[in-house]
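Throughout the sequence shown, residue numbering follows this note's numbering, covering 400 to 1331 in sequence. In this text, a Cβ means the ideal position worked out from N, Cα and C, and glycines have one as well.
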Amino acid sequence: MRIPTATYRIQFNSAFGFEAAKAITSYLAELGISDLYASPIFKARAGSSHGYDIVDPTQLNPEIGTEESFENLIQDLKQKNMGWLQDIVPNHMAYDSENKYLMDILENGPDSIYVDYFDISWNSPFGSNQEPILVPLLGNFYGDCLENGEIQLQYDESGLSINYYSLKLPIKLESYASFLNRNLGKLVTNLGRKHPTFVRLLGLLYSVKNIPSEATARQRRDQTEFVKGLLWELYTDNSEIQAFIDENLELFNGEKGKPESFNLLDNLLSEQFYRLSYWKVGAEEINYRRFFTVNELISVKVEELKVFNNTHCLISQLVEEGKITGLRVDHIDGLYDPTQYIERLKEKTGDTYILVEKILQHGEDLPDNWSIQGTSGYDYLNYVNDIFCQTENQDKFTQIYADITGNKTPYEEIVAEKKHLIIDRNFAGDIENLTVLLKKIAGMYRHGNDFTINGLKQALAEVLTRFPVYRTYVTQDSLSDMDRYYIQEVTEAAKANTPLLSHELNFIQKLMLLEYEDSLTQAEKDQWLYFVMRVQQYTGPLMAKGVEDTALYVYNRFVALNEVGGEPGRFGIELSEFHEFNQKRQNRWSHAMSTLSTHDTKRGEDTRARLNVLSEIPDEWQQHVRNWMEINYSYKKNVKRVTMPAKNDEYLFYQTLIGAFPFAEEEYSSFVQRVKDYLLKAIREAKVYTAWLRQNSTYENAFIDFVSAVLETPERSTFLEEFLPFQKKVAYYGIFNSLSQTLLKITSPGVPDFYQGTELWDFSLVDPDNRRPVDFEIRQSYLQEIKKQAQTDILKLIADLLNHKEDARIKLFVIVQALKARTEYLDVFQKGSYLPLEAGGRFKEHIVAFARSHGDTTIITIAPRFFTKLIQLGEYPLGKQIWDDTYLYLPKEVSSSWKDAITEQPVQANGKLLIGEVLKHFPVALLTSTTT
């Protein structure tokens, strides 16, 4: 198994493909990266900017390169001894015309050979309801789209199709008869009944109308292709047939302004195996499982072995050929049986490095029976971030938040409230489907016979909203103690909140724990299990939408903590918790990924590093915010006695400016637009005054106008005059936070990952802001400059980096030096023990330090924090005059002679390390020592 030394995440798209990646491999290798970490590279929806909307997992995405360019990139990486970590998407595919499997289902319905590829209502093993599969992709109400002529019937070599802009859907074979029977008399007149072409057409119609009821799916498919092929021959060979079909198309497509003229097309659509609808209908009437609430992403039944084998054939081939050396599994919690999936993936790919995208809540661990290397690193991100938040100021920030915004609701209550909101507005159809299944099960038992559909729905909703983790992993063969604990805890919390539903909740708990009664048949046990497995597939999406995409935009007490997998209700953690996490990680998940930024993080790593500075200075922060709100009050709007924007949103605005404000003046104009785009997304995600499903243009415009008034006249802005000195102060201290967290990531247990571009300052906001193009030319030039100067006079280089901190070369320098050490002492970092080091002296709380040891080598990481109490603005956290008597206790039996891998300077110690001596030249240190 190849374990990466360090990975670099690339977001492939049409503007950055295989050739562009090949152009930076030398740079990545020079940086110290061992493995390219690729976003999905399989054929995606046309124009995809991210690759997660796959239409065919058996092909490479032609928009990011040819097979030749892919091979050239692979060979280039191999020559540099670099690996390829591939992000794969087993949970869903795009609901798109290019998805041949889905289009076959829409054309052939239950007889499609791909009918069990997707999680649709036909696949329910306990129901016979074959209602049309919903296609909730219209931009307006169906009737309006139809009568506006936006939905059109078209014909080409592939057959008759329903078209709505770029969406192209096939029609069922029987509907060809409805189409071809129209105006058939006129064709008889023109051709004559005995004309060979007309006779062939009649034969075609006969075969359509007389499909044997016992026909297999394969036979039906063959007949469909025969009919379509024959009709195309007739159309291209005979002008009369061509005119007949073209006139019928015109007739079916109606005339705008004449509603009755669309009756034919309306009737034709009503015959299909699918139902076109307004996209908002999906929230309440969905009958297929989606990725979260995204109608355009339909979930795959990868638990079906033939589906797994087909969707993973190219992946396994690339692994077998040594082109892919590691896998990252996207949204593992969405799968029906994640444990089974991992077992099959291991069987198919052998001894391959595997990570999963799994959001672990505080104190949660991965299932012990997963044979993988760990998570993609959100757990690490949050632990690192939390140690830079000064926990002792929690009460102050809570009070500031209440005083400024009026918000006093605890975070935990907001989470429950927003999960209920998501169930009511976004998952109503999904919960309805689960409740119907639950009602069928309950109706079979005397103690559940009187449960009403409404009572069961309320009870189920209450259970789902109370889950503190993304999901449990109960299967027929496995019910862990932790899963049992979560289920019982959730049920008790639900009963406390809704005591009138205690009977229903007891029944749901019995189901979730698979406490089968002796009288159950095997079929009834299967039904119980199916319900449990289905429920487990929805707790994750509910957590993601209710927490990540709603609560985190509502609870703005301190947004540095509002991160995927984070717990904003906790105000940071004690340093001991970070060390405990790292020790457990070293013992069990030593090759998991360590990251600070991803394509899904809510804020860039250096944005959070700045914001964490605020946790140290609550009084100063409060004073400034009050001043800013007073200055900007005149820019607000009053509509029907409601002041816009609301104080909570305004508070988010100021935190956003503090964290993301650029160093370079030339970036200001684009920054203003980025902030507007971000805030518009943020208030829609919050779903308080506006939302994606019910946009309130009045509030949105008022907020954006407010931002424009505040930011777009910098030369005359009283606000900016007051704001910038404080922002620059926070940004100054934030630089040192960034250097510390970067070093911690590289040296902690795990594989350090670098999201594209983050080797320089990353002041990004949520996607799509964090997926902007990366300027690799400037990064390459910086790297060459740093390496050249380091070889001649490294202390002079360091002095220059400190004097020009804002250009971010100082962060790149830390990465270069730390990765060089990581490569040189790889066994220490991959296999070495982890020992927290205790600091003493005046500023002991400002030091994060640990030792990694393996064989004769010991490496010590020293990363300071809480700089506002350590140095004045303009000072550096260097030397004895700053650190006074602060020191580190050294492990026993270690050398007294050390070398700092960052500065390449010698350091002496005698049982203790004086921090002022170690941090004499640079704000962080990585000490190495080998005893002989």
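For residue 1058, name the three-state secondary structure that DSSP assigns.
Taking the first residue of the sequence shown as position 1, residue 1058 is located at position 659. DSSP places residue 1058 in helix when its eight states are reduced to three.
Any idea if residue 808 is buried or exposed, counting beta-carbon neighbours within 10 angstroms, 16 or more meaning buried?
Here residue 808 refers to the residue found at position 409 when the sequence shown is read from its first residue. The residue in question, residue 808, is exposed, as its Cβ has fewer than 16 Cβ neighbours within 10 Å.
Counting Cβ pairs closer than 8 Å, one from the region 925-937 and one from the region 873-880, do we hit at least three?
Cβ pair count under 8 Å is three or more, so yes.
Could you tell me the alpha carbon to alpha carbon distance between residue 512 and residue 883, rounded to whole angstroms?
As a working note, residue 512 is residue 113 in the sequence shown. As a working note, residue 883 is residue 484 in the sequence shown. In a straight line, the C-alpha of residue 512 is about 39 Å away from that of residue 883.
Who are residue 1253's beta bridge partners in DSSP?
Counting from one through the sequence shown, the residue named residue 1253 turns up at place 854. According to DSSP, residue 1253 bridges with 1256.
Relative to the alpha-carbon of residue 1056, which residue among 1092, 1029, 1010 has its alpha-carbon at the smallest distance?
Here residue 1056 is taken as the residue at index 657 of the sequence shown, counted from 1. Of the candidates 1092, 1029, 1010, the one whose C-alpha sits nearest the C-alpha of residue 1056 is 1010.
Beta carbon of residue 1315, beta carbon of residue 1285: below 9 Å?
Locating residue 1315 in the sequence shown gives position 916, counting from the first residue. Locating residue 1285 in the sequence shown gives position 886, counting from the first residue. In contact: residue 1315 and residue 1285 (Cβ atoms closer than 9 Å).
Decide if residue 712 is buried, meaning its Cβ has at least 16 other Cβ atoms within 10 Å, or exposed.
Here residue 712 corresponds to residue number 313 of the sequence shown, with the count starting at 1. Residue 712 comes out exposed.
At the level of alpha carbons, what is the spacing between residue 529 and residue 830?
By 1-based counting over the sequence shown, the position of residue 529 is 130. By 1-based counting over the sequence shown, the position of residue 830 is 431. Distance between the alpha carbons of residue 529 and residue 830: 19 Å.
Please determine, among 865, 605, 548, 990, the residue with the shortest C-alpha to C-alpha distance to residue 654.
Position 255 of the sequence shown, counted from the start, is the residue given in the question as residue 654. Here the closest residue by C-alpha is 548.
Starting from the N-terminal side, write out each stretch of the alpha helix (DSSP H) that is 4 residues or longer and does not extend beyond the region 690-727.
The qualifying runs are 704-710, 712-719.
Please say whether residue 650 and residue 581 have beta carbons closer to each other than 9 Å?
What you label residue 581 is simply residue 182 of the sequence shown in a count that begins at 1. What you label residue 650 is simply residue 251 of the sequence shown in a count that begins at 1. For residue 581 and residue 650, yes; Cβs fall inside 9 Å.
May I have the straight-line CA-CA distance separating residue 1123 from residue 961, to the nearest angstrom?
Locating residue 1123 in the sequence shown gives position 724, where the first residue counts as 1. Locating residue 961 in the sequence shown gives position 562, where the first residue counts as 1. If I take the Cα positions, the gap works out to 24 Å.
Starting from residue 569, trace the beta strand (DSSP E) in both directions and tell me its first and last residue.
What you label residue 569 is simply residue 170 of the sequence shown in a count that begins at 1. Start and end: 566-569.
Taking 9 Å as the cut-off, decide whether the C-beta atoms of residue 1130 and residue 1060 are in contact.
As a working mapping, residue 1130 is identified with position 731 in the sequence shown. As a working mapping, residue 1060 is identified with position 661 in the sequence shown. Result yes, Cβ atoms of residue 1130 and residue 1060 sit closer than 9 Å.
Output yes or no for whether 9 Å exceeds the beta carbon distance between residue 774 and residue 755.
Here residue 774 refers to the residue found at position 375 when the sequence shown is read from its first residue. Here residue 755 refers to the residue found at position 356 when the sequence shown is read from its first residue. Against a cut-off of 9 Å, the Cβ pair of residue 755 and residue 774 comes out as a contact.
Kindly indicate the opening and closing residues of the alpha helix (DSSP H) around residue 631.
Numbered from its first residue, the sequence shown carries residue 631 at position 232. Here the alpha helix (DSSP H) through residue 631 covers 616-636.
Name the DSSP beta bridge partners of residue 434, please?
Within the sequence shown, residue 434 is the residue found at index 35, counting from 1. DSSP output for residue 434 lists 406, 482 as bridge partner(s).
Kindly provide the ranges of any alpha helix (DSSP H) runs that are 4 or more residues long and lie completely inside the region 732-760, ordered along the chain.
For the region 732-760, whole alpha helix (DSSP H) runs of length 4 or above, ordered along the chain, are 737-748.
Do residue 795 and residue 515 have their beta-carbon atoms positioned less than 9 Å apart in this structure?
In the sequence shown, residue 515 corresponds to position 116, counting from 1. In the sequence shown, residue 795 corresponds to position 396, counting from 1. For residue 515 and residue 795, no; Cβs fall outside 9 Å.
Could you pull the DSSP bridge partners for residue 491 from this structure?
Taking the sequence shown and counting its residues from 1, the one referred to as residue 491 is at position 92. BP columns for residue 491 point to 698.
How is residue 826 classed by DSSP in three states: helix, strand or coil?
Counting from one through the sequence shown, the residue named residue 826 turns up at place 427. Coil.
Near residue 438, what residues of its chain come up, given a Cβ to Cβ distance below 6 Å and the 5 sequence neighbours on each side ignored?
Position 39 of the sequence shown, counting from 1, holds the residue named residue 438. Hits under 6 Å: 410, 411, 450, 486.
Figure out for me which residue from 468, 1269, 1250 has the closest Cα to the Cα of residue 1243.
Here the question's residue 1243 lines up with position 844 in the sequence shown. Closest by alpha carbon: 1269.
Going straight from the alpha carbon of residue 1176 to that of residue 681, what length do you get?
Indexing the sequence shown from 1 puts residue 1176 at position 777. Indexing the sequence shown from 1 puts residue 681 at position 282. Using only the alpha carbons, I get a separation of about 45 Å.
Leaving out five residues before and five after residue 785 in sequence, what residues of the same chain have Cβ atoms less than 6 Å from its Cβ?
Residue numbering aside, residue 785 sits at position 386 when the sequence shown is read from its first letter. Within the same chain, residue 785 has close Cβ partners 971, 972.
Can you look up residue 1027 in the DSSP assignment and give me helix, strand or coil?
Along the sequence shown, one-based indexing puts residue 1027 at 628. Residue 1027 falls in the helix class under three-state DSSP.
In the DSSP assignment, the alpha helix (DSSP H) including residue 595 goes from what residue to what residue?
For the purposes of this step, residue 595 is taken as residue 196 along the sequence shown, with counting starting at 1. 595-608 is the extent of the alpha helix (DSSP H) around residue 595.
In angstroms with no decimal places, state the Cα-to-Cα distance between residue 892 and residue 857.
For this step, residue 892 is matched to residue 493 along the sequence shown. For this step, residue 857 is matched to residue 458 along the sequence shown. Distance between the alpha carbons of residue 892 and residue 857: 14 Å.
Let me know if residue 936 comes out buried or exposed under the rule of 16 or more other beta-carbons within 10 Å of its beta-carbon.
Stepping through the sequence shown from its first residue, residue 936 is reached at position 537. It counts as buried.
Measuring CA to CA, which of 994, 1063, 1192, 869 is closest to residue 941?
As a first step, residue 941 must be located in the sequence shown, where it is residue number 542. The shortest C-alpha separation from residue 941 is found at 869.
Kindly indicate which three-state DSSP category residue 1288 falls into: helix, strand or coil?
As a first step, residue 1288 is located in the sequence shown; it is residue number 889 there, counting from the start. Reduced to three states, the DSSP call for residue 1288 is strand.
Should the region 983-994 be regarded as contacting the region 787-807, the criterion being three or more beta carbon pairs within less than 8 Å?
No, they do not touch.
Quick check on the burial criterion: 16 or more other C-beta atoms within 10 angstroms. Buried or exposed for residue 728?
Along the sequence shown, read from residue 1 onward, the residue named residue 728 stands at position 329. The residue is buried, with at least 16 neighbouring Cβ atoms inside 10 Å.
Please list, in chain order, all residues of the same chain as residue 1101 whose beta carbon is under 8 Å from its beta carbon, the five residues on each side excluded.
Indexing the sequence shown from 1 puts residue 1101 at position 702. Closer than 8 Å at the Cβ level, and outside the excluded window around residue 1101, lie 1035, 1036, 1038, 1043, 1044.
Along the chain, where does the beta strand (DSSP E) containing residue 674 start, and where does it finish?
Translated into the one-based positions of the sequence shown, residue 674 becomes position 275. Segment 673-677, the beta strand (DSSP E) holding residue 674.
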